[in-house]
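Going by the numbering used here, the sequence shown opens with residue 10, and the numbers climb by one from there. Note that the Cβ used here is the ideal one computed from N, Cα and C, for glycine as well. On a predicted model such as this, the values are computed, not experimentally measured, just so you know. The structure appears below as structure tokens.
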Amino acid sequence: MSTSGTKDNVITTPKELGKAIKEEQDTITIEGSLAKTTVKIHATGKVAWAIAFAAIGIAVVAAMATLATGGTSAPATGTTAAFSAGGAAAILGSSATSAAIYIAIAAGGVGALTKLRRYKVVEKSDSRLVLRRR
């Protein structure tokens with residue numbers, strides 16, 4: 010568990026956000042378009058989130074399998090990822106779905122998205138989001 014916040018380290022990419030979640034940072038400050046995207050992931054209702062989570066999980070597993078095999082499984086896993094991500098995109102929108110997939114990959118798994126949803130929103134605007142771990 011990290012006690013250092015990200016006040017000096019503003020997050021602007023899904024990869025950075027995935028890393029911050031993985032490190033269990035107490036405070037996460039997100040700016041730019043990722044702030045709005047993260048709000049969509051964070052604010053999705055429980056039932057819709059369960060459906061999106063399952064679809065994103067399949068896409069993440071497929072993407073990680075492609076990375077693990079050096080791309081040799083790309084035709085099969087790429088098709089799986091594309092089809093499964095469609096279900097999540099219908100709920101979250103395409104930009105939030107893409108970000109969620111990249112966040113999960115960067116954090117090492119789809120469970121990071123559940124951790125993200127456990128953070129409390131302490132500041133929110135169109136271009137800035139500050140989250141604090143509960």
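Of the residues the options, the one placed nearest residue i, counting alpha carbons only
{"i": "Lys28", "options": "Gly102, Gly117, Val139 and Ala108", "result": "Gly117"}
{"i": "Ile114", "options": "Leu140, Ser136 and Met73", "result": "Met73"}
{"i": "Gly96", "options": "Ala121, Ala57 and Val119", "result": "Ala57"}
{"i": "Arg126", "options": "Ile50, Ile100 and Ala59", "result": "Ile50"}
{"i": "Ala59", "options": "Ala71, Ser134, Val19 and Gly120", "result": "Gly120"}
Inter-residue Cα distance where the pair is residue i and residue j
{"i": "Ala105", "j": "Lys124", "result": "16 Å"}
{"i": "Lys55", "j": "Arg141", "result": "20 Å"}
{"i": "Thr53", "j": "Pro23", "result": "18 Å"}
{"i": "Tyr128", "j": "Glu40", "result": "16 Å"}
{"i": "Leu122", "j": "Ile112", "result": "8 Å"}
{"i": "Ala68", "j": "Ser103", "result": "13 Å"}
Reduced DSSP category for residue i - H, G, I as helix; E, B as strand; rest coil
{"i": "Thr21", "result": "coil"}
{"i": "Arg126", "result": "helix"}
{"i": "Thr53", "result": "coil"}
{"i": "Val119", "result": "coil"}
Supposed contact pair residue j and residue i - C-beta distance, whole angstroms, cut 8 Å
{"i": "Thr21", "j": "Leu138", "result": "About 11 Å separates the two Cβ atoms, so there is no contact after all."}
{"i": "Ile65", "j": "Ala109", "result": "5 Å"}
{"i": "Ala44", "j": "Ser136", "result": "6 Å"}
{"i": "Leu101", "j": "Ala71", "result": "Incorrect: roughly 18 Å between the Cβ atoms, too far for contact."}
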